[in-house]
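Under my numbering, residue 496 is the last one in the sequence shown; the count climbs by one each step, no gaps. Even for Gly, the Cβ is constructed at its ideal location relative to N, Cα and C. Have a look at the structure below, then the notes.
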Amino acid sequence: MSPNPVARRAPDTLIILFWVALVLVALSFVVPAGSFDVQTDPDGRTLPVALDSFELSAEGAPGTPLFRADPDAVGFLNAPFEGLTSGSRMSAAIGIMGFLLIVGGAFGVIMKTGCIDRGVRALIQRTERDPIVVLPLLFFLFSLGGAIFGMSEETIAFVILLAPIIVRLGYDSITAVLVTFVASRVGFASSWMNPFNVAIAQGIADVPILSGAPLRLVMWTVFTATGIAITLWWARKVRARPELSPVHASDQHFRGEADSDKVQTRFSARDATALALIVAGVVWVIWGVIAREYFIPEIAAQFFTLGLVIGLLYLWPGPNRLGANAQARAFREGAAGLVPAVLVVGMAKGLVLLLGGTNPGEPSVMNTILFTLAAGLVHLPEIVSAWLMFFVQAVINFLVPSGSGQAALTMPLMAPLGDLVGIERQVTVLCFQLGDSLTNLIIPTSATLMGVLGAARIDWAVWARWILPLLGLYAFLALSFIGVAVVIGYS
């Protein structure tokens with residue numbers, strides 16, 4: 006399949022941030038600064054800001070200079086560094102950036118051991134006599150991977166591995182994409198603990214990291230069960246009448262492939278132990294958040310511990326051993342893979358500083374923008390306002406398909422905007438994660454989607470026509486859960 010021209014021309018997220026910065030600088034010369042009256046309770050906690058307390062600054066539009074040496078203000082050229090060094094170990098940008106690097110390195114080691122890859126292979130081998138059983142199991146596992154550690158790009162390799170097997174079992178390459186990429190995106194969208202979108206968005210929005218898990222667990226269960234049902238319906242339909250598949254002709258490539266995938270390293274007791282440790286690690290993280298109120302530093306240390314323990318497991322001689330130097334390289338590569346996200350988080354924080362920061366009590370252009378947006382939404386029902394947030398995130402995702410990048414770009418604005426119109430910040434995060442993740446099933450600017458379709462030899466136009474009804478179903482479910490979250494005061 007030829008490269009998609011839309012994906013090829015899509016600008017890098019950093020380029021988008023640069024142009025956004027130029028627009029914000031221009032706005033600073035036009036939009037006057039404003040502030041809200043900030044009140045605190047007897048315990049010193051800040052109370053919700055009242056919309057009618059907004060006042061414009063007598064100084065008017067502040068303007069942003071090209072360069073500024075004043076440490077209390079930010080110039081256009083100062084914004085990247087100031088953004089990267091802003092915040093604390095408990096918040097954006099410093100805390101979130103350190104969290105990403107540590108977690109990325111830990112999962113780099115885990116993925117390098119190959120335990121997950123061999124586990125999937127072993128599952129397929131053991132269920133080959135009853136192939137309809139393997140499909141829901143695969144969908145469940147990949148959805149779990151998307152929910153727990155944000156599995157995304159890794160699905161490209163799994164499509165390369167599984168597409169020939171699934172086609173030869175009597176299904177089609179669309180089925181292979183469903184149980185891998187689609188399942189991971191479903192888990193990503195409905196996750197209760199994904200460190201790369203939920204945790205980042207919550208950290209930026211000053212919401213306790215990985216809080217709100219009960220509703221998200223229900224949502225993940227519903228989303229995953231829906232995906233499994235659709236997958237089984239399609240698989241049975243294609244197996245009964247293969248000619249109904251829109252990729253029947255292109256799948257001939259996989260039917261003719263040699264059975265080279267049967268030559269593989271065996272699934273060992275060490276691999277089984279590693280997978281059990283991953284499950285135990287996830288339980289530990291959830292326990293820490295709920296029972297001990299662990300935050301960014303502690304959760305990062307938990308993921309590091311998980312990577313370290315699994316790494317030590319593979320140091321001992323035996324099948325599938327991974328040496329210390331190889332593990333160190335895997336940690337560096339895993340962390341390096343998230344450096345683009347780290348840069349985006351830091352530089353997006355610089356954009357917030359260009360607008361004057363997020364202190365509602367200090368005059369800033371940010372406060373004026375928030376007041377203007379809130380004034381347009383305040384008369385709408387809260388559910389409608391939340392739904393509009395979801396659709397805005399979905400549209401932005403076309404330009405910024407990176408979950409961490411979109412969180413860094415939009416949450417500094419969306420979180421306080423939600424405050425002004427009476428929407429809990431947890432609901433705002435929910436709107437972000439659903440709007441960010443689901444549209445990645447279809448947008449041609451998603452490098453992962455285009456890589457998956459290339460591996461499965463599916464043309465994007467064919468895929469778009471097939472996935473659109475399923476995307477509509479998931480959008481309906483997303484709006485339903487957002488509505489429930491607003492009604493129950495999800496926090």
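Hey, how far is the Cα of residue i from the Cα of residue j?
i	j	result
L375	P421	7 Å
P345	M352	11 Å
G286	W468	36 Å
L478	P141	19 Å
G423	R430	6 Å
R241	I472	17 Å
A483	V434	13 Å
D264	S273	Low local confidence applies: a pLDDT of 46 at D264 is under 50, so the model's placement there is unreliable, with the coordinate-based value given in what follows. Going by the C-alpha atoms only, they are around 22 Å apart.
R337	L382	45 Å
P386	F395	15 Å
R326	Y319	5 Å
R190	I161	13 Å
L454	L475	16 Å
V54	L343	35 Å
A12	G49	Because the pLDDT of A12 is 45, which lies under 50, any placement of that residue in the model is unreliable, and the number read from its coordinates should be weighed accordingly. About 49 Å.
D211	F437	14 Å
P8	I447	Reliability of the predicted coordinates at P8 is poor, the pLDDT of 44 falling under 50, and no value is obtained from them.
S40	A26	22 Å
P67	S369	8 Å
Where does the unbroken alpha helix (DSSP H) through residue i begin, and where does it stop?
i	result
R190	188 to 194
R94	No alpha helix (DSSP H) contains R94, which DSSP labels as neither H nor E.
P219	218 to 245
F300	Premise fails: F300 is in no alpha helix (DSSP H) and is neither H nor E.
I447	That residue, I447, is in no alpha helix (DSSP H); it is neither H nor E in DSSP.
Y479	465 to 493
M102	99 to 118
G339	329 to 341
E159	159 to 173
P417	408 to 425
S273	Neither: S273 is in no alpha helix (DSSP H) and is coded neither H nor E.
S178	178 to 182
V25	18 to 33
Please classify residue i: does DSSP put it in a helix, a strand, or coil?
i	result
F454	Residue identity check: residue 454 is Leu in the sequence provided, not Phe. Three-state result, L454: helix.
L61	strand
T363	coil
H258	helix
V11	At V11, the pLDDT of 45 sits below 50, so the modelled position is not reliable; the number obtained from the coordinates is stated separately. Helix at V11.
P213	coil
M352	helix
S265	Low confidence applies here, because S265 scores a pLDDT of 45, under 50, leaving its location unreliable; read the following figure in that light. Helix.
D75	coil
S250	coil
I291	helix
A66	coil
V82	Note on identity: in this sequence residue 82 is Leu, with Val being the wrong assignment. Reduced to three states, the DSSP call for L82 is coil.
T377	helix
F201	coil
P345	helix
Where DSSP assigns a beta bridge to residue i, which residues make up the other side?
i	result
S369	G39
Take the Cβ of residue i as the centre, count every other Cβ of all protein chains shown within 10 Å, and call the residue buried at 16 or more, exposed below.
i	result
T90	exposed
G208	buried
A295	Checking the sequence shown, residue 295 turns out to be Ile, not Ala. Looking at its Cβ environment, which holds fewer than 16 other Cβ atoms inside 10 Å, I295 is exposed.
N330	exposed
I493	exposed
S195	buried
P324	exposed
P256	Note that residue 256 corresponds to Asp in the displayed sequence, not to Pro. Buried, because 16 or more other Cβ atoms sit within 10 Å of the Cβ of D256.
Q332	buried
N372	buried
N364	exposed
Q398	buried
V35	exposed
R94	exposed
E87	buried
P10	Because the pLDDT of P10 is 47, which lies under 50, any placement of that residue in the model is unreliable, and the number read from its coordinates should be weighed accordingly. So P10 ends up on the exposed side.
V268	For V268, the predicted structure reports a pLDDT of 43, less than 50, and the residue's modelled location is therefore unreliable. A value from the coordinates is still provided. When all chains shown are included, V268 counts as exposed.
V498	With the chain running from 6 to 496 in the structure shown, residue 498 is simply not present.
L22	buried
S407	buried
W555	As shown, the chain starts at 6 and ends at 496. That puts residue 555 outside it, with no answer to give.
P169	buried
Q411	buried
T415	buried
F481	exposed
G440	buried
Using 8 Å as the cut-off, classify the Cβ of residue i as near or not near the heavy atoms of the ligand MG, replying yes or no.
i	result
I233	Of ligands this structure carries none, so the ligand MG is not represented either.
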